[in-house]
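Q: Line order of the protein sequences matches chains Z and E.
According to our numbering, the stretch in the first sequence is residues 1 to 322, in order.
According to our numbering, the stretch in the second sequence is residues 1 to 315, in order.
Okay, here's the structure, questions in a sec.
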Amino acid sequence: MNKRSPEPGPFSIMVHKEMADHIHSWRLSILIALIVLTFTASMYVSLGHIRSAVADTKDPDHLFLYLKLLTATDNSIPPFHVFLSFLAPLLGISLGFDAVNSEQNNGTLTRLMAQPVYRDNFLLAKFVSALLIVSTLFIALALLMIGGGLLFTGVRMEPAELLRVVGFIAITIVYVAFWVSLSVVLSILFKQAATSALTAIGIWLFFTIFFQIVINLVVRAVMPDPAYLTQAELIRYNDVILNLLRIAPNQLYSDAVTTLLMPSVRSLGPVTMEQMAGAIPAPLPLKESVMIVWPQVSGMLAATAGCFALAYSLFMRREIRS
Amino acid sequence: MKEPIIQLTGLTKQYGTVKAVDDLNLNIQQGEIFGLLGPNGAGKTTTILMMLGLTDPTAGTAKVCGYNATSNPILVKRKVGYMPDNVGFYHNLTALENLLYIGRLNGVPENELPDRAAGVLEIVGLTAERHKKTAAFSRGMKQRLGLADVLIKDPEVIILDEPTLGIDPVGVKDFLALIKNLSRQQGLTVLLSSHHLHHVQQVCDRVGIFVSGKLLAQGDITGLSAQLFGAGSHITSVTFEQAVPHPWPLETELRTWPAISHINIHENELETTSSKAITAALVRFLVDKGCNITGVHQKNYGLDDIYQKYFESNE
């Protein structure tokens, strides 16, 4: 709100209403329950495992207690950030897949658009309300994790650790934002909420499961036998494959999050022996980790912004009728 | 003469090769109830959407309350209340909550809002149902809530798209009486679209007949019938107790009347077509001649006939 008027503007009223709708919906309650459940399970496992993880002096990250809480596991279940890489899309999809088409089918869209509100406010309200809820959820979880860790271990948190956890939360929110904006686009494209939900889930499944398989198949068909390649060529091919894999948003997310949560990760691509020579296996400073994941983060931001811009251009000039 | 509150000039909307609205010119004065009458798919809803800036015209302009609806939709929507056909509500909210939301979006101050909402709910007669979820509402109740929705923003113009569709006859009557009262009391301009002739006939000051994107005629109902059937179109039919004998002496006498242009006799019925209203004179004449009359009917053209006539000429 830029104007200092005593009454809230239409935008904040719409955000308010959307958030109330989300909070009262079963859909969100179920997903939050699911996320809280996986969070609790992975925290439980990592807490049980934390003593040995911190005592493991061979691991350069062993002193980052709170990062260990998020990543340590005894391999019975995956750590929380891996869970999130496939639960977060589901959360984003569920918050956005029927944003526009359900209102259109109910006849509320026409009614709403006949009020003196800007069309973009409607889209923006859908997007912002979903993000506010997601941010609240993840910030609450992170604070719970920090508070719980403090209570159980009594170890002071390093500022670098806090910043890394905050970065992890921020990247997760951006990741969910991407799926929200993608599903909002689909909800504008498809008249039926079920179609847009299925399409969104299809895209999600494609990227989580089939994308790697497809890339592998293509590479196997196209790439010459590695035995006949020089090392430089091999590295170049490897780079191409990695970059192709990075088209998938979940790959970007797990790259970014892994680097942030494991300070000793130095590179996301192959590293040659020359580069490794003389390197001490020590955790990187935060700034260096951020430098490594910056392309991933900006890629996710760009994808989110692109989807949102597409939603705008589809929606702004469309004829509204029920 | 005052500037018309709704001014459509050369309004055209083309979907592909189909012209949904074709060069529409229409002026509506303040305080008028105007009925936009036409069959389904005539382009009524498209016209209304263009008036609210919800769809862009291919050519022409729609000026409402002095603002261009295409370039200034927000200003128009502040003054115009629109009730779409098939009006929908948020099912998970109660009637009152739905209404309050629309009130807030229109910038009704928070301290006035409860009173204003209670007021409009009273007007449309939904006070008792205000805490019910709208999912349980019947069509008629939704229609009423839609009207409350329109009224809460205190509009200058009300646009109702098929407001009587799907309501039972008693409901329709009440609803139309409500609209008429509101218009008369508060000086509201009302534009209502319908394909239901009788409803339009009951309340509208003027009607426009709209067929496949073109406004074929507009005016009040008597004016329209005069325009359509010409001045010489008064039909009077008289029913006698007994069948009229075939060579009827009175027929020749009647044929000498200058006003009568056509006489038709069928068993015990006499039908005359004349350029003036001659019913009274005709009855007096027949009674004087000793005829036993059991029924007299003077035919007035209603919207039905007008509508029918336009369809015939259009097909």
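Glycine residues also receive a C-beta, built at the ideal position from the N, C-alpha and C atoms.
According to the neighbour-count rule (16 or more other Cβ atoms, all chains shown, within 10 Å of its Cβ), is Pro-10/Z buried or exposed?
A: Burial call: buried.
Q: Which residues in the same chain as Tyr-67/E place their Cβ atom closer than 6 Å to its Cβ, once the five residues preceding and following it in sequence are excluded?
A: Excluding positions up to five away in sequence, the list reads Leu-75, Val-76.
Q: Would you say the stretch 53-66 of chain E touches the stretch 2-13 of chain E, given that touching needs at least three Cβ pairs under 8 Å?
A: With the cut-off at 8 Å, the stretch 53-66 of chain E and the stretch 2-13 of chain E touch.
Q: Please give me, in chain order, every unbroken run of the alpha helix (DSSP H) with length at least 4 that falls completely inside the stretch 121-155 of chain Z.
A: The qualifying runs do not exist here; there are none.
Q: Specify the secondary structure class of Tyr-44/Z as computed by DSSP and reduced to three states.
A: Helix at Tyr-44/Z.
Q: Give me the Cβ distance between Ile-102/E and Ile-152/E, rounded to the nearest whole Å; I'm assuming they're in contact under 8 Å.
A: Indeed they touch by this definition, with Cβ atoms about 6 Å apart.
Q: Count Cβ pairs between the stretch 144-160 of chain Z and the stretch 48-67 of chain Z that sit closer than 8 Å; are there 3 or more?
A: Short answer: they touch.
Q: From which residue to which residue does the alpha helix (DSSP H) around Arg-377/Z run?
A: Missing from the structure shown is residue 377/Z; chain Z here goes from 1 to 322 and no further.
Q: For Pro-281/Z, count neighbouring Cβ atoms within 10 angstroms of its own Cβ and tell me buried if that reaches 16, exposed if not.
A: Exposed, by the Cβ-count rule.
Q: At 8 Å on the CB atoms, spell out the chain Z contacts of Asp-149/E, in chain order.
A: Going along chain Z in sequence order, the residues near Asp-149/E (Cβ under 8 Å) are Arg-111.
Q: Please name the residue in Pro-258/E, Ala-42/E, Thr-279/E whose C-alpha comes closest to that of Thr-239/E.
A: Comparing Cα-Cα distances from Thr-239/E to each of Pro-258/E, Ala-42/E, Thr-279/E, the minimum goes to Thr-279/E.
Q: Express the C-alpha separation of Leu-69/Z and Thr-40/Z in angstroms, rounding to a whole number.
A: Cα to Cα, the separation comes out at about 11 Å.
Q: Could you say which of Thr-294/E, Ile-293/E, Lys-299/E, Arg-284/E lies nearest to Asn-273/E if we only look at CA atoms?
A: In the sequence as displayed, the identity of residue 273/E is Thr instead of Asn. Nearest option by C-alpha distance: Lys-299/E.
Q: Could you give the C-beta distance for Ala-95/E and Lys-44/E, rounded to a whole number, given that I count them as a contact under 8 Å?
A: Going by Cβ atoms, the distance from Ala-95/E to Lys-44/E rounds to 28 Å, so no, they are not a contact pair.
Q: Would you mind reading off the limits of the alpha helix (DSSP H) that contains Leu-282/E?
A: Per DSSP, Leu-282/E belongs to the alpha helix (DSSP H) from 279-288.
Q: Cα separation between Ser-102/Z and Trp-179/Z?
A: Each residue's Cα considered, the two are about 18 Å apart.
Q: How is Met-1/Z classed by DSSP in three states: helix, strand or coil?
A: Unreliable placement is indicated for Met-1/Z, whose pLDDT of 44 sits below 50; the coordinate value is still reported in the next sentence. Coil.
Q: Cutting at 8 Å between CB atoms, please list the residues of its own chain near Leu-215/E, excluding the five before and the five after it.
A: Counting only Cβ-Cβ distances below 8 Å, and skipping sequence neighbours, we find Leu-24, Asn-25, Leu-26, Gly-208, Ile-209.
Q: Look at the alpha carbon of Asn-243/Z and the alpha carbon of Pro-295/Z, and state the distance between them as a whole number of angstroms.
A: Roughly 11 Å separates the two Cα atoms.
Q: Beta carbons nearer than 8 Å to chain Z: which residues of the stretch 95-123 of chain E have them?
A: From the stretch 95-123 of chain E, only Tyr-101, Ile-102, Arg-104, Leu-105, Asn-106, Gly-107, Pro-109, Glu-110 have a Cβ closer than 8 Å to chain Z.
Q: Determine the chain E residues that contact Phe-192/Z at a beta-carbon separation under 8 Å, and present them in chain order.
A: A small correction: the amino acid at residue 192/Z is Gln; Phe does not occupy that position in the sequence shown. Those within 8 Å of Gln-192/Z in chain E number zero; the least Cβ separation is about 16 Å.
Q: Keeping to the same chain, check which residues put their C-beta closer than 7 Å to that of Arg-266/Z; ignore five residues upstream and five downstream.
A: Same-chain partners within the cutoff: Leu-284.
Q: Say whether chain Z places a C-beta atom closer than 9 Å to the C-beta of Arg-78/E.
A: Yes, contact with chain Z.
Q: Would you kindly report the start and end of the unbroken beta strand (DSSP E) that includes Lys-19/E?
A: 18-28 is the span of the beta strand (DSSP E), which, as asked, contains Lys-19/E.
Q: Which first and last residues belong to the beta strand (DSSP E) in which His-234/E is found?
A: It spans 234-240 - the beta strand (DSSP E) in which His-234/E sits, taken as one unbroken run.
Q: For the beta strand (DSSP E) that contains Leu-242/Z, what are its first and last residues?
A: That residue, Leu-242/Z, is in no beta strand (DSSP E); its alpha helix (DSSP H) goes 231-245.
Q: Just curious, the alpha helix (DSSP H) that Ile-167/E is in, first and last residue?
A: Element bounds for Ile-167/E: n/a, residue is neither H nor E.
Q: To the nearest whole angstrom, what separates the beta carbons of Val-174/Z and Met-300/Z, a pair I think is in contact under 8 Å?
A: So it is a contact: roughly 5 Å between Cβ atoms.
Q: Using the Cα positions of Thr-172/Z and Leu-137/Z, report the straight-line distance between them to the nearest angstrom.
A: Each residue's Cα considered, the two are about 11 Å apart.
Q: How long is the line joining the alpha carbons of Leu-37/Z and Glu-97/E, rounded to whole angstroms?
A: If I take the Cα positions, the gap works out to 34 Å.
Q: Our contact map puts Thr-134/E next to Leu-93/E with C-beta atoms below 8 Å; I'd like the distance itself, whole angstroms only.
A: At roughly 7 Å, the Cβ-Cβ gap stays under 8 Å, so Thr-134/E and Leu-93/E are in contact.
Q: What residues from chain Z crowd round Thr-45/E, counting only those whose CB sits closer than 8 Å?
A: Simply Arg-321.
Q: For the structure I just gave you, are there three or more beta carbon pairs, one from the stretch 75-91 of chain Z and one from the stretch 99-119 of chain Z, closer than 8 Å?
A: Not touching, per the Cβ criterion.
Q: In the DSSP assignment, the beta strand (DSSP E) including His-131/E goes from what residue to what residue?
A: Per DSSP, His-131/E belongs to no beta strand (DSSP E) and is neither H nor E.
Q: Applying the 10 Å Cβ sphere with the 16-neighbour rule, what's the burial state of Gly-167/Z?
A: By the neighbour-count rule (16 or more Cβ atoms within 10 Å), Gly-167/Z is buried.
Q: Just to check my reading of the structure: Asp-74/Z and Val-45/Z have Cβ atoms closer than 8 Å, yes? What is that Cβ distance to the nearest angstrom?
A: Contact flag correct, Cβ pair sits at about 6 Å.
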